[in-house]
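Working notes for the structure below.
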Amino acid sequence: MDADMRREINLMCNLSEAVYENGRKSGIKRGIRRGRRAEKRRTARAMLEGRYPEEEILRLVEMTSGELESVKREMETT
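In structure tokens:
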């Protein structure tokens, strides 16, 4: 195998590793965001069940009114 071929193979391997690593980091970040979103929804649900005022839930849980409405709809179906 000549030097040019080795360099090309090495470059391809490095690029593959970079693509894999970027995908892994992206997946971790997505998982963290998904976990935070799920925790906010669980907290809002518990506060709704505890009869907290909606304005307070929005402020404390830091969610939009649309997100809170989604939690309320979910509660109605379960």
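Numbering-wise, the numbering used here puts 76 at position 55 of the sequence shown, and it's gapless, one number per residue.
Quick reminder that beta carbons are idealized off the backbone N, C-alpha and C, glycines included.
Everything numeric in this text was worked out from a predicted model, so none of it was measured.
Exposed or buried, residue i, counting other C-beta atoms within 10 Å across all chains shown (16 or more means buried)?
{"i": "residue 49", "result": "exposed"}
{"i": "residue 78", "result": "buried"}
Could you tell me whether the Cβ atoms of residue i and residue j are closer together than 8 Å?
{"i": "residue 65", "j": "residue 92", "result": "yes"}
Using only the alpha-carbon positions, how far apart do residue i and residue j sit?
{"i": "residue 88", "j": "residue 67", "result": "14 Å"}
{"i": "residue 85", "j": "residue 29", "result": "51 Å"}
{"i": "residue 96", "j": "residue 82", "result": "17 Å"}
{"i": "residue 33", "j": "residue 61", "result": "42 Å"}
{"i": "residue 44", "j": "residue 56", "result": "18 Å"}
{"i": "residue 25", "j": "residue 51", "result": "39 Å"}
{"i": "residue 80", "j": "residue 53", "result": "21 Å"}
{"i": "residue 76", "j": "residue 47", "result": "34 Å"}
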